[in-house]
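Working notes for the structure below.
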Amino acid sequence: MDRAARGPRARRRVPPRRGRRRPRRRGRPARRPGRRRHGRPRRPPRRRPRARRSAAARVRGPPRLPPLRPARAEGRCRRPVHPPRRAHQARADPRHLRSPAGPQPGHRPALGRPGDRVLAENPTYPNALDALRQAGLRTGPVPVSDDGWDLEAAESALRGTAPRLAYTIPDFHNPTGALMPPEQRLRLIAATRAAGAWLVVDETVADIALDVPAPAPTASLGARGAADHVITIGSLSKTHWGGIRVGWVRAAEKVVNELATVRVAADMTGSVLDQLVALAFLDGADGALPERLAQLRSRRAALVRCLERHAPQWSWRVPPGGLSLWIDLGEPVASALAERAAGTGVYVSRGARFGVDPGTFAHRLRIPYTLPEDRLEEGVRRLAAAFHDGVPLTPSIERPHWVA
Ligand SMILES: Cc1ncc(COP(=O)(O)O)c(C=O)c1O
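Next comes the structure, spelled out in structure tokens:
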């Protein structure tokens with residue numbers, strides 16, 4: 073069984089390597105290295121450049137083209153996690169980019185086996201839930217609301233259920249927009265470590281920091297080595313372009329290798345063209361981000377104005393970052409409303425889609441503020457009109473579309 077499948081605690085103890093000692097000949101003084109016995113001092117042996125010895129460079133996986141080599145890119149996937157003790161902790165290698173599937177945490181079977189338990193926030197990003205379930209993992213909920221995480225519930229679930237993996241979106245959580253404080257991240261790191269569970273941290277939205285500085289990578293918190301069981305995933309789709317479905321993984325070298333092996337078995341590799349585009353974006357680094365954030369701030373304000381005008385009875389909290397509002401309709405009619413609104417050309421995600429358990433969040437809608445102001449205005453106007461249509465919306469309990 074591979075180590076990843078056995079969990080982060082199943083680590084082999086490797087005895088410290090001793091340097092090979094040459095027996096010294098008796099009766100002869102030891103020569104200083106780099107100096108000939110006669111003549112000019114010898115040039116010191118040329119060292120291989122550090123980068124070539126990096127762990128990232130040893131990562132196996134799909135073969136890459138020469139243009140995928142550049143290490144110029146900056147950004148979240150390259151932000152230091154710790155002073156570079158090991159290269160793989162310092163930055164992600166471009167080969168850890170993958171496409172087109174985006175960052176899905178249930179990448180099987182490297183991180184678990186069918187039947188293993190996984191803790192997921194409730195609500196959470198629905199495609200992550202789908203990926204976990206498709207991998208045969210059993211999801212257990214940990215509550216998160218506009219006010220944040222119930223860390224005690226998370227710690228108790230970790231102690232009591234021995235999950236293989238916990239999946240979290242601590243930065244501008246999708247869909248609530250909540251931001252996990254550093255001390256809670258530390259508790260989560262410690263609790264998952266104590267439970268022998270992988271902690272998959274989804275940083276896809278982390279750089280969409282509208283009112284606060286972008287949070288430091290969770291894996292960088294705590295004492296060195298305390299976060300070795302953290303697997304960080306992210307994507308370029310939110311920061312650079314929604315059409316680029318290229319994500320990245322940062323984890324211990326061995327885990328990245330195992331994930332790469334699984335990937336090869338699934339579809340060999342992502343689109344090379346997409347990867348080249350992703351690298352071009354990364355080379356441009358954060359150039360376009362401030363502009364994008366300013367645009368999102370103004371669109372978020374526009375959405376709030378539209379909601380205040382057309383649907384003042386709904387409630388919401390303005391998140392410090394992320395891409396959407398998590399609207400409370402006050403009654404469990406979100407599915408019926410979403411369906412009715414779709415008939416008028418407005419597509420919004422109903423809350424039930426984000427629930428780990430069926431039938432929850434029936435009173436919630438997720439409305440993104442990614443569209444231009446005039447389209448947001450028209451969309452909210454139609455949505456509110458559908459809500460006030462005169463024909464009552466029927467409360468609906470969403471049927472699960474999976475088999476538990
Ligand atoms: C938290 C989270 N993770 C992952 C993704 C998927 O990213 P991509 O669009 O690159 O597949 C999303 C997309 O909305 C997301 O919100």
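Position in the sequence shown counted from 1, then plus 72, gives you my numbering.
Think of the CB as a built atom: it goes at the ideal place given N, C-alpha and C, for glycine as much as any other residue.
Residues near residue i in its chain [Cβ-Cβ closer than 6 Å; skip 5 each side]
{"i": "P467", "result": "P404 and V405"}
{"i": "W313", "result": "none"}
{"i": "V428", "result": "A192, N194, T211 and P213"}
{"i": "A281", "result": "G393"}
Residue i beta carbon near ligand 1 (any heavy atom closer than 7 Å)
{"i": "Y441", "result": "no"}
{"i": "D274", "result": "yes"}
{"i": "G319", "result": "yes"}
{"i": "A366", "result": "no"}
{"i": "N194", "result": "no"}
{"i": "Y239", "result": "no"}
{"i": "D250", "result": "The amino acid occupying residue 250 in the given sequence is Ala; Asp does not appear at that position. A250 Cβ: outside cutoff for every heavy atom of ligand 1."}
{"i": "A338", "result": "no"}
{"i": "V277", "result": "yes"}
{"i": "N246", "result": "yes"}
{"i": "A200", "result": "yes"}
{"i": "Y419", "result": "no"}
{"i": "S477", "result": "Coverage of the chain is limited to positions 73 through 476, which leaves residue 477 absent and any answer about it impossible."}
{"i": "S307", "result": "yes"}
Neighbourhood of residue i by C-beta, 7 Å cutoff - its chain only, sequence neighbours within 5 removed
{"i": "I439", "result": "L375, S396, L397, I399 and V420"}
{"i": "R104", "result": "Per-residue confidence for R104 stands at a pLDDT of 47, beneath the threshold of 50, marking its modelled position as unreliable; the derived number appears in the next sentence. Here the set comprises nothing."}
{"i": "R257", "result": "P242, T290 and L293"}
{"i": "G359", "result": "none"}
{"i": "P138", "result": "Its pLDDT being 45, under 50, P138 is placed unreliably in this model, and the value from its coordinates should be taken loosely. So the list is empty, once near-sequence residues are dropped."}
{"i": "R422", "result": "A406, S407, A410 and L437"}
{"i": "P247", "result": "P195, S396, W398, F426 and R438"}
{"i": "T416", "result": "R454 and A458"}
Inter-residue Cα distance where the pair is residue i and residue j
{"i": "V349", "j": "I316", "result": "8 Å"}
{"i": "A414", "j": "A373", "result": "24 Å"}
{"i": "L345", "j": "V336", "result": "17 Å"}
{"i": "I261", "j": "W270", "result": "9 Å"}
{"i": "T304", "j": "A323", "result": "6 Å"}
{"i": "P253", "j": "P464", "result": "41 Å"}
{"i": "R369", "j": "D283", "result": "9 Å"}
{"i": "G178", "j": "H245", "result": "The predicted model places G178 with a pLDDT of 49, which falls under 50 and marks its position as unreliable, so this point remains unresolved."}
{"i": "E224", "j": "G462", "result": "44 Å"}
{"i": "P444", "j": "L201", "result": "29 Å"}
{"i": "G342", "j": "G319", "result": "10 Å"}
{"i": "H460", "j": "P384", "result": "12 Å"}
{"i": "H435", "j": "A229", "result": "26 Å"}
{"i": "L365", "j": "R412", "result": "32 Å"}
{"i": "P285", "j": "G356", "result": "20 Å"}
{"i": "P215", "j": "F433", "result": "12 Å"}
{"i": "R259", "j": "S217", "result": "18 Å"}
{"i": "G268", "j": "D300", "result": "11 Å"}
{"i": "V390", "j": "K326", "result": "40 Å"}
{"i": "E255", "j": "E363", "result": "31 Å"}
{"i": "A288", "j": "R447", "result": "34 Å"}
{"i": "Q367", "j": "Q347", "result": "26 Å"}
Sequence-distant residues of the same chain with beta carbon closer than 8 Å to residue i, five excluded per side
{"i": "V418", "result": "G451, R454, L455 and A458"}
{"i": "A298", "result": "I261, A262 and R265"}
{"i": "P186", "result": "A207, G208 and L209"}
{"i": "E449", "result": "A374 and C378"}
{"i": "A338", "result": "none"}
{"i": "D222", "result": "V214, P215 and V216"}
Proximity below 8 Å, CB of residue i to CB of residue j
{"i": "T233", "j": "R189", "result": "yes"}
{"i": "A278", "j": "A226", "result": "no"}
{"i": "V328", "j": "V302", "result": "no"}
{"i": "L191", "j": "A266", "result": "no"}
{"i": "W388", "j": "G402", "result": "no"}
{"i": "E275", "j": "G306", "result": "yes"}
{"i": "A410", "j": "L437", "result": "yes"}
{"i": "L308", "j": "V321", "result": "no"}
{"i": "L371", "j": "Y441", "result": "Looking at the sequence provided, one finds Arg at residue 371 rather than Leu. Taking 8 Å as the Cβ cut-off, R371 and Y441 qualify as a contacting pair."}
{"i": "P392", "j": "L209", "result": "no"}
{"i": "G394", "j": "G249", "result": "yes"}
{"i": "T311", "j": "L351", "result": "no"}
{"i": "R236", "j": "G184", "result": "yes"}
{"i": "F353", "j": "P198", "result": "no"}
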